[in-house]
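Participant: Here it is: the structure, laid out below.
Number of protein chains: 2
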Amino acid sequence: MTGTLYGLGVGPGDPELLTLKALRILREVPAIAYPAPEKGDSMTRAIAAAHLPGGQAEIALRMPMIAGDAPADAHYDRYVSEIVAHLEAGRDVAVLCEGDPLFYGSFMYVLIRLEGGHPVEVVPGVSSLTACAAAAAMPLVSRNETLAVLPAPLPEEELEARLVSVHAAAIMKVGRHLPKVRRVLSRLGLEDGARYVERACLDGEKVLPLNEVDDGRAPYFSMILVRKGMAAAP
Amino acid sequence: MTGTLYGLGVGPGDPELLTLKALRILREVPAIAYPAPEKGDSMTRAIAAAHLPGGQAEIALRMPMIAGDAPADAHYDRYVSEIVAHLEAGRDVAVLCEGDPLFYGSFMYVLIRLEGGHPVEVVPGVSSLTACAAAAAMPLVSRNETLAVLPAPLPEEELEARLVSVHAAAIMKVGRHLPKVRRVLSRLGLEDGARYVERACLDGEKVLPLNEVDDGRAPYFSMILVRKGMAAAP
């Protein structure tokens, strides 16, 4: 009898943005796992902390900081072995995921390492995408509009090519790429209607027109929302 | 003293996918509003029904079926007047929204009709986008990949142009457009890896490889998820 692996979206940061389903599973499972930095506290665990019943086995998926985005294969291999040991002993394991498990999360690195035989259930969560739109009270898309979700680290030419024909866009992971993103939006005439959102649904949340944001101040977890024809909107 | 207008995401359909915050507000507000067909029951209200405390004022935003996507302006004007009357009497109103309020929802038609002076808070919800990915246990995007969200009613040439260079795509509102979407994906070599999802997070949920879906059977609320290089994946 194998345990079930849950990919558990815990939402964008506010512990009240967990779903009822995530809360139930969080309280029921004998083991949890969560991404964490090489040293120090896990932001993901912190979102769920107030809801934890205590007494659960915990696996901190600690990853060294690595240049570029390559996942740390050997580390994942080892952590997934720990997770599989729980599953094979019949214990369910919930992997906590900030936002949604399958939207720019690390859960897929766990998922692709499972070799079948273990039931998997993904519990979707509120993603940073809709959390930022909510913070800005800015419609993302409606009717037959298209939305492009674009990571800011993309090369400037690629960002521009992908932004040129969209109705709306969410530019993620802005950080040090802010000046580049601003240049592209300015060339396309999209800067005036753009909104900058930082720490959505967390203490210190900031929502500003992009025009009022200084270059150099954006943290990694910030987002720029763009809608064509929004320049005149509130 | 004015009331607050809440845009309340109630998630994709499973009442357990409400957030704790949506649940709290749902129980506290003296008035709720929700989209509904011209006649019959509201799917959105049904998602929240088990959580309603009873005794609240209810405004069903009943919309006539109209060819095309133009919102029914006169109807929205009238319903927003009703909502504003509550707000001006100091009563909070929660507008229930399937999925997320700002992701292809009708909440924006309420939002744009408020003439300021009333505080607005949007509570993000689990969107159909991440609900479908969860149902398929299929990663949407990771690292620096881009995601295109595309409504299937778009013209065939536009769909193809927008799909040609993406890493991943979610094609919404498939319905009668399934044969067209399939033709486009087939021409681009993306059909083999595509997943079809119907009624995600509801009774009767279906997840199938697109190759195994018959033309003509897709309901309006179905989605096709595409990832480049997924042909060999489970």
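First to last, the sequence lines map onto chains G and V. Take 123 as the starting number for the first sequence in the working numbering and just add one per residue. Take 123 as the starting number for the second sequence in the working numbering and just add one per residue. Virtual Cβ for every residue (Gly too), placed ideally from N, Cα, C.
#1: Which two residues bound the contiguous beta strand (DSSP E) that contains Glu180/G?
#2: Taking all protein chains shown into account, do 16 or more other C-beta atoms lie within 10 angstroms of the C-beta of Glu267/G, making it buried, or fewer, making it exposed?
#3: Name the residue from Gly239/G, Ser250/G, Arg349/G whose alpha carbon lies nearest to the alpha carbon of Leu285/G.
#4: The beta strand (DSSP E) spanning Ile346/G covers which residue range?
#5: So Tyr156/V is in the beta strand (DSSP E); what residue range does that whole segment cover?
#6: If you reduce the DSSP assignment to three classes, tell me which class Leu142/V lands in.
#7: Put Ala340/V into one of helix, strand or coil per three-state DSSP.
#8: Give a single yes or no on whether Tyr226/V has its beta carbon closer than 6 Å to a heavy atom of the ligand NAD.
#9: To the nearest angstrom, report how far apart Arg235/V and Gly129/V are at their CA atoms.
#10: Pop quiz: Arg347/V and Met260/V are said to be a contact at Cβ under 8 Å. What is the actual Cβ separation, rounded to whole angstroms?
#11: Assuming Leu269/G and Val244/V form a contact by the criterion Cβ under 8 Å, report the distance between their Cβ atoms to the nearest whole angstrom.
#12: Where does the unbroken alpha helix (DSSP H) through Val202/G begin, and where does it stop?
#13: Using beta-carbon positions only, say whether Gly131/G and Cys219/G come within less than 7 Å of one another.
#14: Do you know how far the Cα of Met165/V is from the Cα of Met185/V?
#15: Taking the alpha helix (DSSP H) that Pro277/G falls in, what are its first and last residues?
#16: Beta-carbon of Leu347/G versus every beta-carbon of chain V: anything under 7 Å?
#17: Hey, quick one: how far does the alpha helix (DSSP H) through Leu307/G stretch, first residue to last?
#18: Just to confirm the assignment, what range does the beta strand (DSSP E) spanning Ala316/G have?
#19: Compile a chain-ordered list of the residues in the region 252 to 263 of chain V whose CB is closer than 9 Å to at least one CB of chain B.
#20: Would you mind telling me which residues of chain V sit closer than 9 Å to Ala270/G, beta carbon to beta carbon, in chain order?
#21: DSSP has Tyr128/V in a bridge; who is on the other side?
#22: Would DSSP call Ile293/V helix, strand or coil?
#23: Would you say Ser73/G lies against chain V (beta-carbon separation less than 7 Å)?
#24: Out of Glu334/G, Met345/G, Asp314/G, point me to the one whose CA is closest to His299/G's CA.
#25: Less than 7 Å between the beta carbons of Pro241/G and Thr141/G, yes or no?
#26: For my contact list, Val215/G and Leu209/G are in at a C-beta cut-off of 8 Å; report their separation, rounded to the angstrom.
#27: What residue from Asp195/V, Arg213/V, Asp199/V, Ala144/V has the CA that sits closest to Glu180/V's CA?
#28: By alpha-carbon positions, which one of Glu280/V, Val248/V, Phe343/V ends up nearest to Phe225/G?
#29: Who pairs with Leu262/G in a beta bridge, going by DSSP?
#30: What residues in the region 222 to 239 of chain G bring their beta carbon closer than 9 Å to a beta carbon of chain V?
#31: Can you check which of these residues, Arg149/V, Arg146/V, Ala168/V, is closest to His135/V by C-alpha distance?
#32: Compare the C-beta of Val215/G with all C-beta atoms of chain V and state if any pair is closer than 7 Å.
#33: Can you give me the C-alpha to C-alpha distance between Val202/V and Val232/V, rounded to a whole angstrom?
#34: Taking only beta-carbon positions, decide if Ser249/V is within less than 7 Å of chain G.
#35: Since Ala158/G and Leu183/G should fall inside the 8 Å C-beta cutoff, what is the C-beta to C-beta distance between them, to a whole number of angstroms?
#36: On a CA-only basis, which of Gly221/V, Leu332/V, Ala170/V is nearest Val319/V? Give me that one, please.
Facilitator: Straight from the coordinates:
#1: 179 to 185
#2: buried
#3: The option with the nearest alpha carbon to Leu285/G is Arg349/G.
#4: 344 to 349
#5: 153 to 159
#6: helix
#7: coil
#8: For the structure depicted, the ligand NAD is absent and the ligand set is empty, with no information on it obtainable.
#9: 14 Å
#10: Looking at the sequence provided, one finds Leu at residue 347/V rather than Arg. So it is a contact: roughly 6 Å between Cβ atoms.
#11: With 8 Å as the limit, Leu269/G and Val244/V do not qualify as a contact, their Cβ atoms being about 17 Å apart.
#12: 195 to 210
#13: yes
#14: 13 Å
#15: Unbroken run through Pro277/G: none, as it is neither H nor E.
#16: no
#17: 300 to 309
#18: Ala316/G -> no beta strand (DSSP E), and no H or E assigned at all.
#19: Given the protein chain composition of this structure (G and V), no chain B is represented.
#20: Thr268, Leu269, Ala270, Val271, Arg284, Val288
#21: Paired residue(s): Ala216/V, Glu243/V.
#22: strand
#23: Outside the shown range of chain G, which is 123 to 356, sits residue 73/G, and nothing can be said about it.
#24: Met345/G
#25: no
#26: 6 Å
#27: Arg213/V
#28: Val248/V
#29: None; Leu262/G has no bridge partner.
#30: Asp222, Pro223, Leu224, Phe225, Tyr226, Gly227, Ser228, Phe229, Met230, Tyr231, Leu233, Ile234, Gly238
#31: Note that residue 135/V corresponds to Gly in the displayed sequence, not to His. Ranking Arg149/V, Arg146/V, Ala168/V by Cα distance to Gly135/V puts Ala168/V first.
#32: no
#33: Their Cα atoms are separated by approximately 6 Å.
#34: yes
#35: 6 Å
#36: Minimum Cα distance to Val319/V is reached at Leu332/V.
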